[in-house]
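A.B. asks:
2 protein chains.
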Amino acid sequence: MPVDKVPDIVVGRLPLYLRTLNYLLEEGYEMVSSHELGRRLGISPAQIRKDLSHFGEFGKQGAGYDVKYLSTQLKHILHVDGVWPVALVGCGALGHALANYNGFVTKGFEIVLIFDNDPAKIGQVVAGKVIHDVADMPRLICEYGIRIAIVAVPSSAAQATVDVLVRCQVRAILNYAPINISVPPGVQVQNIDPSVHLQRMTYYL
Amino acid sequence: MPVDKVPDIVVGRLPLYLRTLNYLLEEGYEMVSSHELGRRLGISPAQIRKDLSHFGEFGKQGAGYDVKYLSTQLKHILHVDGVWPVALVGCGALGHALANYNGFVTKGFEIVLIFDNDPAKIGQVVAGKVIHDVADMPRLICEYGIRIAIVAVPSSAAQATVDVLVRCQVRAILNYAPINISVPPGVQVQNIDPSVHLQRMTYYL
DNA sequence: GCCTTCTTGTGAAAGCCATCACATATTCTA
DNA sequence: TAGAATATGTGATGGCTTTCACAAGAAGGC
Numbered sequence: 022m023p024v025d026k027v028p029d030i031v032v033g034r035l036p037l038y039l040r041t042l043n044y045l046l047e048e049g050y051e052m053v054s055s056h057e058l059g060r061r062l063g064i065s066p067a068q069i070r071k072d073l074s075h076f077g078e079f080g081k082q083g084a085g086y087d088v089k090y091l092s093t094q095l096k097h098i099l100h101v102d103g104v105w106p107v108a109l110v111g112c113g114a115l116g117h118a119l120a121n122y123n124g125f126v127t128k129g130f131e132i133v134l135i136f137d138n139d140p141a142k143i144g145q146v147v148a149g150k151v152i153h154d155v156a157d158m159p160r161l162i163c164e165y166g167i168r169i170a171i172v173a174v175p176s177s178a179a180q181a182t183v184d185v186l187v188r189c190q191v192r193a194i195l196n197y198a199p200i201n202i203s204v205p206p207g208v209q210v211q212n213i214d215p216s217v218h219l220q221r222m223t224y225y226l
Numbered sequence: 022m023p024v025d026k027v028p029d030i031v032v033g034r035l036p037l038y039l040r041t042l043n044y045l046l047e048e049g050y051e052m053v054s055s056h057e058l059g060r061r062l063g064i065s066p067a068q069i070r071k072d073l074s075h076f077g078e079f080g081k082q083g084a085g086y087d088v089k090y091l092s093t094q095l096k097h098i099l100h101v102d103g104v105w106p107v108a109l110v111g112c113g114a115l116g117h118a119l120a121n122y123n124g125f126v127t128k129g130f131e132i133v134l135i136f137d138n139d140p141a142k143i144g145q146v147v148a149g150k151v152i153h154d155v156a157d158m159p160r161l162i163c164e165y166g167i168r169i170a171i172v173a174v175p176s177s178a179a180q181a182t183v184d185v186l187v188r189c190q191v192r193a194i195l196n197y198a199p200i201n202i203s204v205p206p207g208v209q210v211q212n213i214d215p216s217v218h219l220q221r222m223t224y225y226l
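What follows is the structure in structure tokens.
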């Protein structure tokens with residue numbers, strides 16, 4: 022039954038399934054069971070089957086899932102069967118690392134625009150891309166039809182940056198600034214703050 | 022009632038509360054209501070009150086929470102009222118950015134050891150710290166009494182790196198490698214993979 | 001001092017999510 | 001070919017999480 026309303030928490034696990042399937046593919050697996058997939062992910066087999074059942078019937082009884090086929094299907098479901106052009110805002114140390122990260126393309130993303138507000142950086146080339154002035158964001162993001170942006174600016178500039186992005190029709194934002202940003206309904210946000218992740222673990226130490 | 026078994030999902034929100042409280046402090050707030058805190062975080066006031074009630078009664082009826090006091094209490098609960106020494110393994114572009122990130126100390130962490138396996142990098146100084154040979158990890162991590170590590174090595178090296186860390190008594194690992202690592206019970210892991218975060222959003226585009 | 005307004009902490013209810021368990025189908029072995 | 005083993009998809013169950021709603025306490029105005 023393909024199209025009920027799928028819980029966010031289920032959608033959040035699909036990229037993990039996809040990532041593991043691609044590793045299995047590299048290792049030469051042709052079929053994989055929910056049991057094996059779950060073992061690798063630390064997730065119960067039942068949960069994996071239930072999650073996938075939201076989108077259709079991908080497995081074969083007695084055999085499991087065709088790795089290549091399920092990978093393809095998940096890419097389609099997640100809308101990463103093509104390559105999304107992505108804008109990167111903020112080209113400090115972290116921005117540099119992200120610009121040079123070569124893991125994006127195979128996952129369905131490519132950084133095609135880089136912005137910074139530092140006059141000393143504007144015009145420089147990073148990872149084969151020119152750093153543009155943030156003042157040109159509205160024009161360029163519109164021209165390129167960008168819908169996804171990565172924010173790697175200081176906390177103090179994050180909300181203003183996001184506001185501009187949202188006005189430019191960006192609908193998905195990966196936020197590296199350690200601050201809560203607010204966006205209108207319909208705009209997706211994911212936050213990455215290493216301190217938050219670390220503090221979540223120290224509770225148990 | 023301070024000491025029931027607190028759900029993981031509640032623990033995971035505490036760092037977000039703490040982060041926002043510290044911003045409120047900078048803005049000069051002395052008191053804050055669960056309503057205002059929730060508004061900033063996109064979380065319901067009831068949930069914040071319920072979460073905090075797992076650990077005690079921190080608020081005052083009619084007034085709200087003393088920002089400074091609640092911040093202090095949350096730091097204590099999360100065990101970040103001191104500064105944890107942290108080891109960073111892998112000093113590529115991402116490792117460099119993390120080593121130079123100045124946001125850790127105020128959150129309760131300090132990178133005191135950096136490792137890499139590249140002979141060309143070993144001995145170099147990054148952010149005031151010498152890069153050590155990964156071969157010296159067991160000795161140095163033991164000497165420094167490290168319990169927390171950040172893994173920023175290639176996927177192919179991640180599991181082996183983690184295995185060594187676990188043997189060295191590291192009990193919390195922030196993993197930037199885009200792969201699922203397995204650890205024994207009692208070892209905390211948090212994963213950061215930008216592609217996974219992005220794919221989680223593209224579903225909705 | 002009194003009344004209004006505000007806010008917390010919490011039991012109860014509602015809603016969401018993970019697990020269980022099994023009918024069904026396929027594969028493997030001999 | 002038959003029987004054992006394997007594995008999916010799913011209704012039912014149980015547990016966990018969030019929200020609701022309110023008693024009780026505190027602050028502010030006059």
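In order, the protein sequence lines correspond to chains A and B.
Adding 21 to a residue's 1-based position in the first sequence gives its number in my numbering.
Adding 21 to a residue's 1-based position in the second sequence gives its number in my numbering.
Each residue gets a CB set at the ideal place from its N, CA and C atoms; glycine is no exception.
Keep in mind that this is a model prediction, so the values were computed, not measured.
Helix, strand or coil for B/L42? Go by DSSP, reduced to three states.
C.D. replies: Looking at B/L42 - three-state DSSP - the assignment turns out to be helix.
A.B. asks: Does the beta carbon of B/I69 come closer than 8 Å to any beta carbon on chain A?
C.D. replies: With 8 Å as the cut-off, B/I69 does not count as an interface residue toward chain A.
A.B. asks: So which residues on chain B does A/F130 lean against when the C-beta distance must stay under 9 Å?
C.D. replies: The answer, in chain order, is P215, S216, L219, Q220 and T223.
A.B. asks: Quickly, what does DSSP pair B/D137 with across the bridge? List them, please.
C.D. replies: DSSP lists B/D154 as partners of B/D137.
A.B. asks: Identify every run of the alpha helix (DSSP H) within the region 63-91 of chain A, keeping only runs that are complete inside it and at least 4 residues long; order them along the chain.
C.D. replies: Counting only runs of 4 or more, we get 66-74.
A.B. asks: Please list, in chain order, the residues of the region 32-66 of chain B that have any C-beta partner in chain A closer than 8 Å.
C.D. replies: Residues V32, G33, L35, P36, L37, L39, R40, T41, Y44, R61, L62 and G63.
A.B. asks: At which residues does the alpha helix (DSSP H) containing B/V185 begin and terminate?
C.D. replies: Looking at the DSSP string, the run of the alpha helix (DSSP H) that includes B/V185 is S176 to R188.
A.B. asks: Could you tell me if A/P23 is buried or exposed, where buried requires 16 or more neighbouring beta carbons within 10 angstroms of its beta carbon?
C.D. replies: Because A/P23 sits at a pLDDT of 47, beneath the cut-off of 50, its placement in the model cannot be relied upon, and the point is left open.
A.B. asks: Compare the Cα-Cα distances from B/E78 to each of B/P66, B/Q94 and B/I64 and report the closest residue.
C.D. replies: Checked all of B/P66, B/Q94 and B/I64; the closest Cα to B/E78 is B/Q94.
A.B. asks: List the endpoints of the continuous alpha helix (DSSP H) containing B/L119.
C.D. replies: Residues A114 to N121.
A.B. asks: Any contact of the region 135-145 of chain A with the region 73-88 of chain A, i.e. 3+ C-beta pairs under 8 Å?
C.D. replies: Judged by Cβ distances under 8 Å, the region 135-145 of chain A makes no contact with the region 73-88 of chain A, as fewer than three pairs qualify.
A.B. asks: What residues from chain A crowd round B/V101, counting only those whose CB sits closer than 7 Å?
C.D. replies: Result: Q220 and T223.
A.B. asks: State the start and end residues of the unbroken alpha helix (DSSP H) segment that holds A/Q220.
C.D. replies: Residues P215 to T223.
A.B. asks: How is B/P106 classed by DSSP in three states: helix, strand or coil?
C.D. replies: B/P106: strand per DSSP, three-state reduction.
A.B. asks: What residue range is occupied by the uninterrupted beta strand (DSSP E) comprising B/V210?
C.D. replies: Looking at the DSSP string, the run of the beta strand (DSSP E) that includes B/V210 is Q209 to N212.
A.B. asks: Residues in the region 115-127 of chain B with C-beta within 8 Å of chain A's C-beta atoms, listed in sequence order?
C.D. replies: The residues in question are L115, H117, A118, L119, N121, Y122, G124 and F125.
A.B. asks: What do you get for A/A181, buried or exposed, if any count of 16 or more other CB atoms within 10 angstroms of its CB means buried?
C.D. replies: Per the 10 Å Cβ criterion, exposed.
A.B. asks: Taking 8 Å as the CB-CB limit, is A/K26 close to chain B?
C.D. replies: For A/K26, the answer is no, since every Cβ of chain B falls outside 8 Å of its Cβ.
A.B. asks: Between the region 124-133 of chain A and the region 209-221 of chain B, do at least 3 Cβ pairs fall closer than 8 Å?
C.D. replies: The region 124-133 of chain A is in contact with the region 209-221 of chain B.
A.B. asks: From the DSSP output, read off the bridge partner residues of A/V146.
C.D. replies: The partner list for A/V146 (beta bridge, DSSP) reads A/V151.
A.B. asks: For B/A232, go through chain A and note every residue whose CB falls closer than 8 Å to its CB, in chain order.
C.D. replies: Chain B is shown only over 22 to 226; residue 232 of chain B falls outside these bounds and no answer can be derived.
A.B. asks: Looking only at DSSP bridge pairs, what is A/F130 linked to?
C.D. replies: Its beta-bridge partners are A/W105.
A.B. asks: Between which two residues does the beta strand (DSSP E) harbouring B/I171 extend?
C.D. replies: Here the beta strand (DSSP E) through B/I171 covers I169 to V172.
A.B. asks: Taking the CB atoms as reference points, tell me whether B/F136 and B/H153 lie closer together than 8 Å.
C.D. replies: Yes, the pair counts as a contact, with Cβ atoms nearer than the cut-off.
A.B. asks: Quick one: is A/P199 buried, meaning 16 or more other Cβ sit within 10 Å of its Cβ, or exposed?
C.D. replies: Label assigned to A/P199: buried.
A.B. asks: Among residues of its own chain, excluding the 5 on either side of A/C189, which ones have a beta-carbon nearer than 8 Å to its beta-carbon?
C.D. replies: Counting only Cβ-Cβ distances below 8 Å, and skipping sequence neighbours, we find M158, P159, I162, C163 and I167.
A.B. asks: Do you know offhand how far A/A156's Cα is from A/N138's?
C.D. replies: Rounded to the nearest angstrom, the two C-alpha atoms are 8 Å apart.
A.B. asks: For B/I188, go through chain A and note every residue whose CB falls closer than 9 Å to its CB, in chain order.
C.D. replies: The amino acid occupying residue 188 of chain B in the given sequence is Arg; Ile does not appear at that position. Correct list: empty, because the minimum Cβ distance to chain A is about 17 Å.
A.B. asks: Out of B/A114, B/Y44 and B/V110, which has the shortest C-alpha to C-alpha gap to B/V133?
C.D. replies: Measuring from the Cα of B/V133, the nearest candidate turns out to be B/V110.
A.B. asks: For chain B, find out if any of its Cβ atoms is closer than 8 Å to the Cβ of A/I30; answer yes or no.
C.D. replies: Not an interface residue.
A.B. asks: Does the Cβ of A/D102 have 16 or more other Cβ atoms within 10 Å, making it buried, or fewer, making it exposed?
C.D. replies: By the neighbour-count rule (16 or more Cβ atoms within 10 Å), A/D102 is not buried but exposed.
A.B. asks: B/I98 touches chain A at which residues, Cβ-Cβ below 9 Å?
C.D. replies: Those are Y224, listed as they occur along chain A.
A.B. asks: In the structure shown, what three-state DSSP assignment does B/V204 receive?
C.D. replies: Looking at B/V204 - three-state DSSP - the assignment turns out to be coil, as it is neither helix nor strand.
A.B. asks: Is B/P28 buried or exposed, if buried means 16 or more other CB atoms sit within 10 Å of its CB?
C.D. replies: So B/P28 ends up on the exposed side.
A.B. asks: Does the CB of A/I152 have a neighbour CB from chain B at under 8 Å?
C.D. replies: So no, A/I152 is outside the interface.
A.B. asks: Taking all protein chains shown into account, do 16 or more other C-beta atoms lie within 10 angstroms of the C-beta of A/I30, making it buried, or fewer, making it exposed?
C.D. replies: That one is exposed.
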